[in-house]
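Numbering (mature numbering (1 follows the signal peptide of the UniProt record, and there is no 0)), first residue to last: -39 to -1, 1 to 134. Here a beta-carbon is modelled for each residue, glycine too, at the ideal position from N, C-alpha and C.
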């Protein structure tokens, strides 16, 4: 009797282990599939120097969202001639070396499809004040067109077959 009980315990333990492993794999796969869906992205940026004086300038930036609506935006660019932002309005602007990041300030976080938002800043320069040539909205380069779409999965991932309990064998004598 002890041998059969021990065998049954080991069998039940193995079934539980297999069932738990399969469940974890299915849940992990489902989470992975739902995490990869992305919105269509695309943007267009207008950068205009509003005024310039020796060692300083003011600029206005308008970003138009050409993709799916976003709630929260971050626009990045690199100054080609070492300019620095000294003051900004309608965006929180930070810089690290020549790379500049402008982020929404809450009230202007929502950008519907084809909607625009504008912000401005004052900056300093020495040598030349060359305009940036490339911008990225939320990490995607603005090309003036929509790209980078990824559709969500159309159905739930398939369920693996349920493990069947082992067949009972008659006791051997």
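Please return the same chain residues whose Cβ sits closer than 6 angstroms to the Cβ of residue 23, not counting the five positions on each side in sequence. Closer than 6 angstroms at Cβ, skipping near neighbours: 7, 77, 79.
In three-state DSSP terms, what is residue 53? Taken through DSSP and simplified to helix, strand or coil, residue 53 comes out as strand.
From this set, 63, 73, -28, which residue's C-alpha is nearest residue 25's C-alpha? It is 73.
Could you pull the start and end residues of the beta strand (DSSP E) that residue 140 belongs to? Lying outside -39 to 134, the shown extent of the chain, residue 140 is not represented and no answer is given.
If distances are taken between C-alpha atoms only, which option among 9, 11, 2, 71 comes closest to residue 27? Considering only alpha carbons, the answer is 2.
Which of helix, strand or coil does DSSP assign to residue 71? Three-state result, residue 71: strand.
Taking 6 angstroms as the limit between beta carbons, can you name the residues of its chain near residue 70, skipping five residues before and five after? Around residue 70, the same chain offers 32, 33 as residues with beta carbons nearer than 6 angstroms, after the five sequence neighbours per side are excluded.
Under the three-state reduction of DSSP, which class applies to residue -37: helix, strand or coil? When DSSP states are grouped into helix, strand and coil, residue -37 belongs to the helix group.
Residues near residue 20 by beta carbon distance below 7 angstroms, same chain, minus five either side: Excluding residues within five positions, the ones whose Cβ falls inside 7 angstroms are 8, 9, 10, 11, 81, 82, 84.
Look at the Cβ atom of residue 93, then the Cβ atom of residue 53, and state whether they are nearer than 8 angstroms. Cβ atoms of residue 93 and residue 53: not closer than 8 angstroms.
Express the C-alpha separation of residue 18 and residue -9 in angstroms, rounding to a whole number. Confidence at residue -9 is low in this model, with a pLDDT of 46, below 50, so its placement is unreliable and the value that follows should be read with caution. When rounded, the distance between both Cα atoms is 48 angstroms.
Tell me where the beta strand (DSSP E) around residue 96 begins and ends. For residue 96, the enclosing beta strand (DSSP E) stretches over residues 96 to 98.
Beta-carbon separation (whole angstroms), residue 56 vs residue 66, contact threshold 8 angstroms: Not a contact, Cβ separation roughly 17 angstroms.
Consult DSSP for residue -25 and reduce its assignment to one of helix, strand or coil. Helix at residue -25.
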